[in-house]
Structures are given as C-alpha cells and as structure tokens.
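Trainee:
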Amino acid sequence: MWVFLLANFSDLPEVIPQHYNAYGKADGFGSKSNLFILAGIASLLNIGLSILKKYPHRFNYPVEITKENEFRQYAIATRMLRFVKLILVLIFSSLIIKTILIAKGGTHELGFWFLPIALVCLIGSIAYFLILSFRSK
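Numbering (our numbering), first residue to last: 38 to 174.
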C-alpha cells in the first residue's frame with residue numbers, strides 16, 4: 038500500500054476523489070496528500086490490532102472463560118483479530134489503489150460491489166468467529 042502510494046504520488050493530479058457514494062462513484066474531491074491520511078489510518082489500525090492480539094486475557098468474550106475453555110477462546114479471539122486485520126488492510130489498500138487508478142484516468146469508480154463485499158467480509162468474519170466462540174464453550 039505504502040510502496041504503491043509513494044511510487045505513484047508524484048504522477049497524481051492535485052485534486053483526486055476523496056469520497057465515494059454507495060454505488061462506488063466519486064462524489065467528493067480533495068488534495069492528493071489526503072491519501073497519506075488513509076494509509077496512516079490503515080497502518081495505525083494494523084499496529085493497534087497487532088498489539089491488541091497479544092493480550093487476549095483482556096478482551097470481552099461472549100462466554101464465561103474457564104480453565105477448560107481458556108486456551109480455545111483465546112485462540113479463537115486472536116485468530117479473529119488476525120482476520121479482521123487482514124481484511125482491513127485489504128480494504129484500505131484497495132481504496133488507495135483504486136483512488137490512484139481513478140485519479141490517473143484508468144477507471145471512473147470503485148464499483149457497486151466494493152462496499153457490499155467489504156462489509157460482508159468484515160462483518161461475516163466477525164460473526165463467524167463469534168459463532169465459533171459460542172460453540173466452543
């Protein structure tokens with residue numbers, strides 16, 4: 038994400054798409070330097086979730102943690118954070134890459150399916166791991 042952004046930054050016009058509607062069409066424009074904010078947020082989320090997964094005993098769980106289920110529940114929770122981290126990095130990377138391509142004239146929109154797919158992947162993975170946690174009481 039950072040490499041692609043830095044490699045293409047100087048070729049971008051000063052004003053690029055900054056916001057997309059639910060259909061994936063650009064409806065807000067701003068400075069190209071705002072892409073660094075998006076990449077920074079993605080990096081902070083990645084670092085924060087990496088640190089957080091080292092402390093599974095501090096999480097809230099949908100079931101009571103006992104000596105019998107402790108290892109399994111912690112494993113499920115840390116695996117969920119790894120999946121969420123991966124999905125968030127993919128979403129942010131896709132947004133940055135697509136925005137750069139749109140700004141360079143390669144395409145005109147994110148596409149209608151970007152938001153639904155991103156939400157289904159993110160919410161679906163969290164739901165899957167919550168169900169797994171409930172079943173592993």
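In this text, a Cβ means the ideal position worked out from N, Cα and C, and glycines have one as well. Everything numeric in this text was worked out from a predicted model, so none of it was measured.
Once DSSP output is grouped into helix, strand and coil, what is the label at Tyr165?
Mentor: helix
Trainee: What ranges does the alpha helix (DSSP H) occupy inside the segment 56-143, keeping only unbroken runs of at least 4 residues that lie completely in it?
Mentor: 71-89 and 107-140
Trainee: Tell me the rounded alpha-carbon separation between Asp64 and Leu156.
Mentor: Here the alpha carbons of Leu156 and Asp64 stand approximately 20 Å from one another.
Trainee: Taking the alpha helix (DSSP H) that Leu49 belongs to, which residues open and close that run?
Mentor: Element bounds for Leu49: n/a, residue is neither H nor E.
Trainee: How long is the line joining the alpha carbons of Tyr60 and Thr103, rounded to whole angstroms?
Mentor: 46 Å
Trainee: Taking the alpha-carbon positions, what's the Leu49 to Glu101 distance?
Mentor: 52 Å
Trainee: Quick one: any contact between the segment 49-58 and the segment 66-86, if contact means 3 or more CB pairs under 8 Å?
Mentor: yes
Trainee: Counting pairs of Cβ atoms below 8 Å between the segment 159-173 and the segment 108-120, do you hit three or more?
Mentor: yes
Trainee: Distance, Cα to Cα, Tyr98 vs Gly142?
Mentor: 47 Å
Trainee: Would you grab the beta carbon distance between Ile163 and Val121 for me? Rounded to a whole angstrom, and I think it's under 8 Å.
Mentor: Rounded, the Cβ-Cβ distance is 7 Å, consistent with contact.
Trainee: When you compare the CB positions of Leu82 and Thr136, do they come within less than 8 Å of one another, or not?
Mentor: no
Trainee: For Ile154, is the classification buried or exposed, using 16 other Cβ atoms within 10 angstroms of its Cβ as the cut-off for buried?
Mentor: With fewer than 16 other CB atoms across the displayed protein chains lying within 10 angstroms of its CB, Ile154 is exposed.
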